[in-house]
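Q: Residue numbers (the working numbering): 205 to 604.
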Ligand SMILES: [Zn+2]
């Protein structure tokens with residue numbers, strides 16, 4: 205593997221040279237003349253960890269702006285599902301490519317995806333050199349032979365990307381996948397070691413319907429089915445009570461918080477107080493571009509920090525903690541030894557321009573990145589020690 209020297213990059217408030225070798229941070233205080241296969245002049249750029257988007261539906265970039273300003277149920281049943289029925293495998297490949305380019309330009313190097321026709325998405329992930337966990341979506345509406353085919357894919361799949369790609373098993377939600385499907389998925393996770401990715405307790409309606417159908421709330425229901433465990437990633441968890449947070453934490457479940465989607469679909473405010481107190485591992489997702497409407501994880505981190513404070517506690521969810529949810533926590537949840545700029549860790553990072561007016565002055569880099577920047581401040585995205593995105597954006601003003 206090759207080496208990369210980031211020359212004169214700003215790290216924790218001081219200029220340094222960072223050597224990356226074999227995909228990992230090798231030396232955060234390398235000499236100026238350190239030999240490397242590639243030297244990148246990073247003067248005027250600051251380094252932060254890259255981000256991990258733990259819940260999305262990449263190809264839904266195709267539905268961006270197609271149906272806005274309505275509740276989840278109407279949105280899904282009257283607009284999204286009928287549209288998705290018409291998508292071809294090639295449409296999905298192209299939609300995924302748009303998503304991947306958007307994510308890399310926004311400093312995201314990993315996404316956990318739940319969609320269909322996954323072969324095209326996987327090809328695009330490989331082409332662009334990013335990381336992903338691609339879900340095999342399981343729905344009760346699918347025929348038995350379709351399900352068997354999917355399960356076969358799982359059992360025979362080998363990662364062609366050298367460790368950047370993995371699969372997950374994705375029963376869509378408790379309202380689209382019955383108890384047998386959930387049990388089957390959980391069994392498969394045990395056999396294969398893959399994670400189980402699902403939507404959980406997203407809306408009040410989901411909770412009410414679950415109580416009607418199963419006599420209990422969604423988290424308790426999945427716990428009773430024996431589905432929960434450290435291999436589970438549960439998206440949303442908006443309507444989860446204190447005892448349920450304890451169940452999630454005790455089972456080692458990872459939660460993917462999707463603030464933009466929850467606000468846009470009117471699903472509710474994530475219970476930050478209970479979630480943080482429970483000690484559960486929390487990460488951040490954008491959800492699909494149709495309920496966001498972008499895949500800018502930095503923006504979702506900012507929304508999370510603001511939504512946390514909206515009830516009157518400005519100390520809840522500081523920027524540093526929210527960024528950790530989107531960096532180290534996201535990587536750790538998927539067993540990726542990354543998410544920090546630290547010697548020995550996998551080298552996933554972003555280089556930020558310090559020159560844009562919105563980055564000036566810089567009393568605190570994380571504060572600027574979360575509260576003030578936008579994705580145009582990202583000059584370079586590095587994944588697994590390689591530059592996978594570089595922006596040539598420059599602002600030209602007529603005045604002076
Ligand atoms: Zn979703």
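For every residue, glycine included, the Cβ atom is placed at its ideal position computed from N, Cα and C.
Quick test of your reading: residue 215 and residue 224, contact by CB under 8 Å. State the CB separation rounded to the nearest angstrom.
A: Counted from its first residue, the chain shown places residue 215 at position 11. Counted from its first residue, the chain shown places residue 224 at position 20. Not confirmed; about 13 Å, so no contact.
Q: Mind checking which residues open and close the beta strand (DSSP E) that includes residue 244?
A: On the chain shown, residue 244 is found 40 positions in, with the first residue counted as 1. It spans 242–245 - the beta strand (DSSP E) in which residue 244 sits, taken as one unbroken run.
Q: From the DSSP secondary-structure annotation, give me the bridge partner or partners of residue 399.
A: Your numbering for residue 399 matches position 195 in the chain shown. Beta-bridge pairing links residue 399 to 372.
Q: Would you give the residue range spanned by the alpha helix (DSSP H) that residue 426 belongs to?
A: Counting from 1 along the chain shown, the entry for residue 426 is found at position 222. 422–429 is the extent of the alpha helix (DSSP H) around residue 426.
Q: Specify, as a first and last residue, the run of the beta strand (DSSP E) that residue 259 falls within.
A: On the chain shown, residue 259 is found 55 positions in, with the first residue counted as 1. Its beta strand (DSSP E) spans residues 255–260.
Q: Inspect the beta-carbon positions of residue 370 and residue 363 and report whether they are closer than 8 Å.
A: Taking the first residue of the chain shown as position 1, residue 370 is located at position 166. Taking the first residue of the chain shown as position 1, residue 363 is located at position 159. In contact: residue 370 and residue 363 (Cβ atoms closer than 8 Å).
Q: What's the gap between the Cα of residue 459 and the Cα of residue 484?
A: Position 255 of the chain shown, counted from the start, is the residue given in the question as residue 459. Position 280 of the chain shown, counted from the start, is the residue given in the question as residue 484. In this structure, the alpha-carbon of residue 459 lies about 7 Å from that of residue 484.
Q: State the DSSP-derived secondary structure class of residue 439, mapped to helix, strand or coil.
A: The residue given as residue 439 occupies position 235 in the chain shown. Reduced to three states, the DSSP call for residue 439 is strand.
Q: Is residue 538 helix, strand or coil by DSSP?
A: The sequence position of residue 538 within the chain shown is 334, counting from 1. Here residue 538 sits in coil by DSSP.
Q: Please name the residue or residues paired with residue 592 in a DSSP beta bridge.
A: Counting from 1 along the chain shown, the entry for residue 592 is found at position 388. Residue 592 pairs with nothing; no bridge assigned.
Q: Return the residue from the list 447, 235 and 257 that minimises the CA-CA distance to residue 493.
A: Your numbering for residue 493 matches position 289 in the chain shown. It is 257 whose Cα lies nearest to the Cα of residue 493.
Q: Hey, would you say residue 548 sits closer than 8 Å to residue 534, going by beta carbons?
A: Position 344 of the chain shown holds residue 548. Position 330 of the chain shown holds residue 534. No, the pair does not count as a contact, with Cβ atoms beyond the cut-off.
Q: By DSSP, does residue 324 sit in helix, in strand, or in coil?
A: By one-based count along the chain shown, residue 324 stands at place 120. For residue 324, the secondary structure class from DSSP, reduced to helix, strand or coil, is helix.
Q: Starting from the C-beta of residue 470, find all residues in its chain whose C-beta is less than 6 Å away, skip the five residues before and the five after it, and write them out in chain order.
A: In the chain shown, counting from the first residue as 1, residue 470 sits at position 266. Excluding positions up to five away in sequence, the list reads 275.
Q: Residue 511 and residue 467 look like a contact to me (Cβ under 8 Å); what is the Cβ gap, rounded to whole Å?
A: If you number the chain shown from 1, residue 511 lands on position 307. If you number the chain shown from 1, residue 467 lands on position 263. Indeed, because the Cβ distance is near 7 Å, the residues count as touching under 8 Å.
Q: For residue 546, which residues from the same chain have a beta carbon less than 7 Å from its beta carbon, with the 5 sequence-adjacent residues on both sides left out?
A: Looking up residue 546 in the chain shown gives position 342. Contacts found: 229.
Q: Look up residue 211 in the DSSP assignment and say whether it is helix, strand or coil.
A: Numbered from its first residue, the chain shown carries residue 211 at position 7. DSSP places residue 211 in strand when its eight states are reduced to three.
Q: Residue 391: buried (16+ other C-beta within 10 angstroms of its C-beta) or exposed?
A: Within the chain shown, the letter at position 187 stands for residue 391. Exposed: under 16 other Cβ atoms inside 10 Å.
Q: Tell me whether the stretch 306–326 and the stretch 240–257 touch, counting them as touching only if at least three CB pairs, one residue from each stretch, are closer than 8 Å.
A: yes
Q: For a test of your reading of the model: does the CB of residue 259 fall under 7 Å from any non-hydrogen atom of ligand 1? Yes or no.
A: Reading the chain shown from its first residue, position 55 is the one you call residue 259. Residue 259 Cβ: within cutoff of ligand 1.
Q: Keeping to the same chain, check which residues put their C-beta closer than 7 Å to that of residue 341; ignore five residues upstream and five downstream.
A: Taking the chain shown and counting its residues from 1, the one referred to as residue 341 is at position 137. Here the set comprises 318, 319, 320, 374 and 376.
Q: Taking the C-alpha atoms as reference points, what is the distance between residue 366 and residue 592?
A: On the chain shown, residue 366 is found 162 positions in, with the first residue counted as 1. On the chain shown, residue 592 is found 388 positions in, with the first residue counted as 1. Cα to Cα, the separation comes out at about 16 Å.
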